[in-house]
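Residue numbers (full-length UniProt numbering): 1 to 194.
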């Protein structure tokens with residue numbers, strides 16, 4: 001079976017998006033995204049593990065824009081309230097992408113201790129559309145379709161396998177400046193959408 005690593009998955013997400021707000025979970029996902037293509041519509045969690053979905057839900061609700069959350073399996077299991085909240089809002093324009101490598105990669109590679117079926121968990125929380133992908137091509141193709149019609153929460157479970165290239169350094173931006181840049185871009189996009 002073909003596979004993808006975290007960097008390939010994030011590159012596929014970047015290739016399928018342009019101006020959509022994207023919230024990247026803390027750790028390697030933020031570092032990889034920033035290293036590949038730092039855009040003003042990207043929000044990098046530099047702490048608060050497990051809260052990327054909460055931030056993304058707020059962005060989607062406040063702006064009405066199709067918003068992506070790039071989350072980790074460990075982060076989702078640490079704080080599943082985002083699944084519950086998103087699933088309860090049928091008209092929330094949110095694509096919740098979970099990169100599942102089975103480990104807390106950025107804190108030393110410890111195994112995620114519980115391995116529930118994340119798609120089933122999302123469905124049980126109320127997501128009406130749930131997908132599972134194994135390759136960057138599948139992810140990119142799926143995302144293009146999802147973003148063209150995103151008007152309710154969509155859950156995308158990305159199964160990761162394979163060696164990861166060296167991870168870029170930590171996000172260096174001043175946190176206040178980073179938040180202000182993201183907020184300004186989201187307001188601009190929402191205004192353009194009218």
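Here a beta-carbon is modelled for each residue, glycine too, at the ideal position from N, C-alpha and C.
In its chain, beyond the 5 residues on either side, 140 have a beta carbon closer than 7 Å to the beta carbon of residue 15. DSSP, read as helix, strand or coil, puts residue 120 in helix. Secondary structure note for residue 72: it is in no alpha helix (DSSP H), and the uninterrupted beta strand (DSSP E) holding it is 67 to 72. Under the three-state reduction of DSSP output, residue 132 falls in the strand class. With a 10 Å radius around the Cβ and a threshold of 16 neighbouring Cβ atoms, residue 128 comes out exposed. Under the three-state reduction of DSSP, residue 144 is assigned to helix. Contact between residue 54 and residue 91 does not hold, since the beta-carbon distance rounds to 18 Å and is not under 8 Å. For the set 17, 170, 159, 190, the Cα lying nearest the Cα of residue 73 is the one of 159. For residue 16, there is no enclosing beta strand (DSSP E); the residue is part of the alpha helix (DSSP H) that begins and ends at 6 to 16. Considering only 118, 88, 100, 188, the residue with the shortest C-alpha distance to residue 10 is 100.
Per the coordinates, the alpha-carbon of residue 190 lies some 32 Å from the alpha-carbon of residue 120. In the DSSP assignment, residue 167 falls outside any beta strand (DSSP E), carrying neither H nor E. Residue 51 sits in coil when the DSSP states are folded into three classes, being neither helix nor strand. Residue pairing by DSSP places residue 127 opposite no residue, since no beta bridge is assigned to it. According to DSSP, residue pairing for residue 100 in a beta bridge involves 159. Non-local C-beta neighbours of residue 65 in its own chain, meaning closer than 8 Å and more than five positions away in sequence, comprise 20, 21, 59, 93, 186, 189, 190, 193, ordered along the chain. Scanning its chain for C-beta atoms nearer than 6 Å, with the 5 sequence neighbours on each side dropped, one finds around residue 154 the residues 95, 129, 146, in chain order.
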